[in-house]
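Protein chains in written order, with the numbering used here: chain X, 1 to 115; chain P, 1 to 372. Cβ coordinates follow ideal geometry from the N, Cα and C atoms, glycine included. Since we're looking at a predicted model, the values are computed, not measured. Reading through the structure tokens given below for one structure.
Put into structure tokens, the structure is as follows:
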């Protein structure tokens, strides 16, 4: 499991999480995600297309980060492959009611830049 | 040995745990599954595990023989010997004949109990003992809140809840709200440990009520909204919980249900081709205050069974490294029942056989309710 980021222009940060977001190691990734999404960017795109598995503990990390971004006046966007098991986990929790979901990174970045 | 030539000697080469200066590690047997879960026994020389005295370690398990097996620490190696038990002693699914070395981290099974050989620093064990015991207490408290299986009446139930070593936040319940209304629900708090368990207890204690001021407990949407507004994550340590809540009108045989961030429950009707998913997309409890929950309805023909479970029942990494999903679990509901065995136990055993796992990363909870 790994987490990295790229700043795309002034207003957008893309965070990429790959591997398995389950019990082992979720705590450290969750803490990094919360820290990385606190950068003063309007739009935070979290790219989960390289994520193999997302357990409920990982969903909690995504939701609390999305709320923290909103709190400081920004917005979070998720990129998830349509039809993947990660998408199934995401949809089951209703997180799409809180965070817009895209299946294409470029589209998500455009939306984030316009946020 | 009588057949040895005079002058020969048996030399035992020590291959077991290497010892270095300052190493305070000791060998322990830890019960990782079964009624005695959490118990840790330090291995000094040898001991006998059995159902009653004079066995030195007594476990309350009807599948365990009086003197079931012997565990001996010899030159830093742990040897396991079956003492002619009726149901056998198993390592990695293989029945033990004669003696077998159990390496640190390896497990063996007798009856419903699984023991792990742990080789750990005494200091470390001391430090975690208090915490382990608190986690075990939290697990026992949740268990005390769970309803007993019901063997007769209009709705029959049985269940399994196999907690993970770290204790997940699973809890469930069912009860008659009145003589014609049956409520059933399952809750899965995200995360592990005592905080998840405490949150599960708080929420389940609300769901257990048959009357709540200003709330129609027969309306799943109203109940979901009530707990969602009561437990926002911001005020509850960032805790979230998925919930499936159903209410069956036993007179009209109609089940009304909602699911809040929970995967579907499944209904198996007699003669049906495959289990039918009971799903309504809603948000997980605690995420969006004020959310209006939607419900759906399904007819419950006589003899149909509801299968309600936590994600720990299918989010399983198999022993050969494959990731299991819900589509692997659900077809098991349609397999024939086994007389004399609880349906939930049958499914648990089938999952265990197919995944090669006897213990799971998350709580494994499955409740089966059959509408007669």
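Asked	Found
Residue 220 of chain P - containing alpha helix (DSSP H), residue span	220-230
In chain order, each beta strand (DSSP E) run of at least 3 residues that lies wholly inside the segment 225-306 of chain P	241-249, 254-260, 265-268, 276-278, 296-299
CB contact flag (residue 200 of chain P, residue 169 of chain P, <8 Å)	yes
Local conformation of residue 52 of chain X per DSSP, three classes	strand
Cβ-based burial, residue 264 of chain P [other Cβ within 10 Å; buried from 16]	buried
Cross-strand partners of residue 323 of chain P (DSSP beta bridge)	P:317
Cβ of residue 204 of chain P within 8 Å of any chain X Cβ	no
Whole-angstrom C-beta distance between residue 310 of chain P and residue 365 of chain P, which should lie under 8 Å	4 Å
Against chain P: residues of the segment 42-63 of chain X by CB proximity under 7 Å	53, 55, 56, 57, 59, 60, 63
Buried/exposed call for residue 41 of chain X, threshold 16 Cβ in 10 Å	buried
Segment contact, 8 Å Cβ cut-off, at least three pairs: the segment 280-290 of chain P with the segment 218-238 of chain P	yes
Proximal residues to residue 109 of chain X (C-beta, below 7 Å), its chain only, five neighbours per side dropped	8, 12, 14, 45
Cut-off 7 Å between Cβ atoms - residues of its own chain near residue 95 of chain X, not counting five sequence neighbours on either side	59, 62, 63
Any non-hydrogen atom of the ligand NAP closer than 7 Å to residue 29 of chain P Cβ	Ligands are entirely absent from the displayed structure, and the ligand NAP is therefore not among its contents.
Rounded separation between residue 379 of chain P and residue 256 of chain P - CA only	The structure shown does not extend to residue 379 of chain P, since chain P is modelled only from 1 through 372, so no value can be given for it.
Pairwise C-alpha distance: residue 37 of chain X and residue 70 of chain X	10 Å
Any chain X beta carbon closer than 8 Å to residue 199 of chain P	no
Contacting positions in the segment 321-343 of chain P - beta carbon closer than 9 Å to chain X	323, 325, 326
Neighbour-count burial assignment, residue 240 of chain P, 16 or more Cβ in a 10 Å radius	buried
Cβ neighbour criterion (16 or more within 10 Å) applied to residue 343 of chain P	buried
Nearest-angstrom beta carbon gap, residue 30 of chain P and residue 118 of chain P [assumed within contact, 8 Å]	5 Å
Selection of the segment 90-105 of chain X by Cβ proximity to chain P, strictly under 8 Å	91, 92, 93, 94, 95, 97, 98
Residues near residue 13 of chain P in its chain [Cβ-Cβ closer than 8 Å; skip 5 each side]	For residue 13 of chain P, the predicted structure reports a pLDDT of 47, less than 50, and the residue's modelled location is therefore unreliable. The matter cannot be settled from this model.
Burial state of residue 141 of chain P (16 or more Cβ within 10 Å)	exposed
Contact between the segment 75-90 of chain P and the segment 48-64 of chain P (3+ Cβ pairs under 8 Å)	yes
Cβ pair residue 113 of chain P, residue 73 of chain P closer than 8 Å	no
Reference residue 272 of chain P; option with closest CA among P:67, P:223, P:33, P:333	P:333
Separation of residue 120 of chain P from residue 76 of chain P, as counted between CA atoms	13 Å
Beta bridge counterpart(s) of residue 5 of chain X as assigned by DSSP	X:15
Residue-level contact to chain X via CB, residue 315 of chain P, 8 Å cutoff	yes
C-alpha distance - residue 57 of chain X paired with residue 26 of chain X, whole-angstrom precision	7 Å
Residue-level contact to chain X via CB, residue 281 of chain P, 8 Å cutoff	yes
Proximity winner among P:33, P:34, P:56, relative to residue 42 of chain P (alpha-carbon distances)	P:56
Span separating the alpha-carbon of residue 360 of chain P from that of residue 115 of chain P	14 Å
Whole-number beta carbon distance between residue 290 of chain P and residue 318 of chain P, since they are thought to touch under 8 Å	In fact, because the Cβ distance is near 41 Å, the residues do not count as touching under 8 Å.
Local Cβ density within 10 Å of residue 335 of chain P, reported as buried at 16 or more and exposed below that	exposed
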